[in-house]
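Here the structure is laid out as structure tokens; the discussion comes afterwards.
Next up, the structure:
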């Protein structure tokens, strides 16, 4: 088993789960706790992963020109590209409605829609982001407040100097490293979790859920394709006045690496090599923009989280989410993508943040749907990682051009 790649293990577990459910029917529910345990393990790591990921990322920028010209341009571009990706996911999921019409069994729908979080305005969302007690926010799973606290705490670390800053940086980096190891370890249990979740899904709903998930996959692929082939090239041309085909050719090996590894972090060395040696961006620019992008700029992940949560809400709720709740999804999807680890399938961990933000995290049918999404996530993860890398590299080129670097695309 160790020599079989994880996505093949997951596919095998999905097939075994279907066969097991068809053979044993109602009795197959005996393995459902495997899926429940796996989902609880995923939820277990969310709070510490978000805190250490975001805080360490922000705090580590203390030696870079984060408040200078390049920093402002970088954060501005990352915000713009991520929001555009999220809006694509939001629009397509509302138009295609891949989850509408699926009826889960009655035991999975005993949920009061009035318990959903329905902010009345953007101002209310912003107020909710500011915790009166950060520890209480962590304990109660108030993810917007926890993300806000992690950002401001990390920024505060950049404002101190000397041994105190060194101590806090070491603590945050060590905590993040430990959480990455723990996250990777839990993701290795994915085949076991998928087996339990798929068995439960088939025994409870038959194959109707798979049809809806197939429509969801097409929605995500369509959205990622629009962002990768239209939005990002358009942004690139508008800001650089360079033919986007030149950039895509130069970055081909990085795209292939991202697609095959599903990890922005693992692809980073290849991305930097392409940007510096094939595009011609200076190391001064690339060494700041690209590592930061691999940490916080996740266009594909942001699109996926927004569309995924709307899909889940369409399956389990009788009415669509209100405009206020969808605005909350947009903001939380952006912030959750910032906190996503640069490892395979990390986006699936973060989707619970967005579900919790609108009050769907504890819905009894949500885990079943997420489990089915887990089973088909590998190709989507490969594509969205490539979109993430594309956005990072385009950002580096745009910023280099704006900084007066003229030796681009001449190699």
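In the numbering used here, the protein residues as written are 14 to 424.
Every residue gets a Cβ at the ideal spot worked out from N, C-alpha and C, and that includes glycine.
If you compare the alpha carbons of 87, 61 and 241 with that of residue 312, the shortest gap goes to 241. Cβ neighbours of residue 97 within its own chain (closer than 6 Å, five residues either side excluded): 244. Residue 293 carries a coil assignment under DSSP once its states are collapsed to helix, strand and coil. In the DSSP assignment, residue 183 falls within the alpha helix (DSSP H) that extends over 176-200.
Distances from the alpha-carbon of residue 258 to those of 44, 43, 246 and 251 put 246 closest.
Remark: C-beta atoms of residue 384 and residue 206 approach each other more closely than 8 Å.
Following the DSSP letters along the chain, one finds residue 110 in no alpha helix (DSSP H), marked with neither H nor E. Counting the other CB atoms within 10 Å of its CB gives residue 106 a total of 16 or more, which places it among the buried residues. DSSP places residue 405 within a helical segment (H, G or I) once states are collapsed to three.
Counting only the Cα atoms, residue 335 lies some 20 Å from residue 349. When the beta-carbon positions are compared, residue 142 and residue 388 stay at least 8 Å from each other. Check the Cα spacing between residue 192 and each of 71, 86, 58 and 263: the tightest is with 58.
In the structure shown, the three-state DSSP call for residue 93 is helix. Contact check for residue 46 against residue 175 fails: the beta carbons are separated by 8 Å or more. At a Cβ-Cβ threshold of 8 Å, residue 413 and residue 421 count as neighbours. One Cα belongs to residue 380, the other to residue 161, and the distance between them is close to 26 Å.
Residue state for residue 173 is assigned as coil, using DSSP reduced to three classes.
A straight-line Cα-Cα distance of about 30 Å links residue 344 and residue 201. Between the C-alpha atoms of residue 145 and residue 139 there is a straight-line separation of about 13 Å. Following the DSSP letters along the chain, one finds residue 382 inside the alpha helix (DSSP H) bounded by residues 379-388. If you draw a straight line from the Cα of residue 112 to the Cα of residue 54, it is about 26 Å long.
Taking C-beta separations shorter than 6 Å and ignoring five residues to either side along the sequence, the partners of residue 308 in its chain run 70, following chain order.
Cβ-Cβ separation between residue 323 and residue 236: approximately 11 Å, too far for a contact (criterion under 8 Å). Cβ neighbours of residue 60 within its own chain (closer than 6 Å, five residues either side excluded): 151.
Shown here, residue 266 sits in a helix according to DSSP, grouped into three states.
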